[in-house]
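Notes follow the structure.
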Amino acid sequence: MAKKEIKLTKYEKARLIGARALQLAMGAPALVKLPKGVRNAIQLAFYEYEEGVIPLQVVRVKAVTAK
């Protein structure tokens, strides 16, 4: 069975890129070969996101409603 592709909201995407940029700024190793033109941690985190190698995941919790 194929793995279902989950579409992230713009807020989840921003959170992932921001968290990864912070890790990179604090010295975490890059998971992709540095492309030309990448100047800061945010650009590198965005590039890693586009390549699909960010080692973070989003956990969604369903709200429980009372009946």
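Per our numbering, the very first residue in the sequence shown carries number 25; after that it's consecutive.
The C-beta atom is built at its ideal place from N, Cα and C for all residues, glycine as well.
Inset, instruction - Could you tell me which of 84, 86, 68 and 50 sits nearest to residue 58, measuring between CA atoms? - result: Sorting 84, 86, 68 and 50 by C-alpha distance to the C-alpha of residue 58 places 68 at the top.
Legend entry - Secondary structure of residue 37, DSSP reduced to three states: helix
Inset, instruction - Would you kindly report the start and end of the unbroken alpha helix (DSSP H) that includes residue 72? - result: 65-75
Inset, instruction - Find out if the Cβ-Cβ distance for the pair residue 73, residue 30 is shorter than 8 angstroms. - result: no
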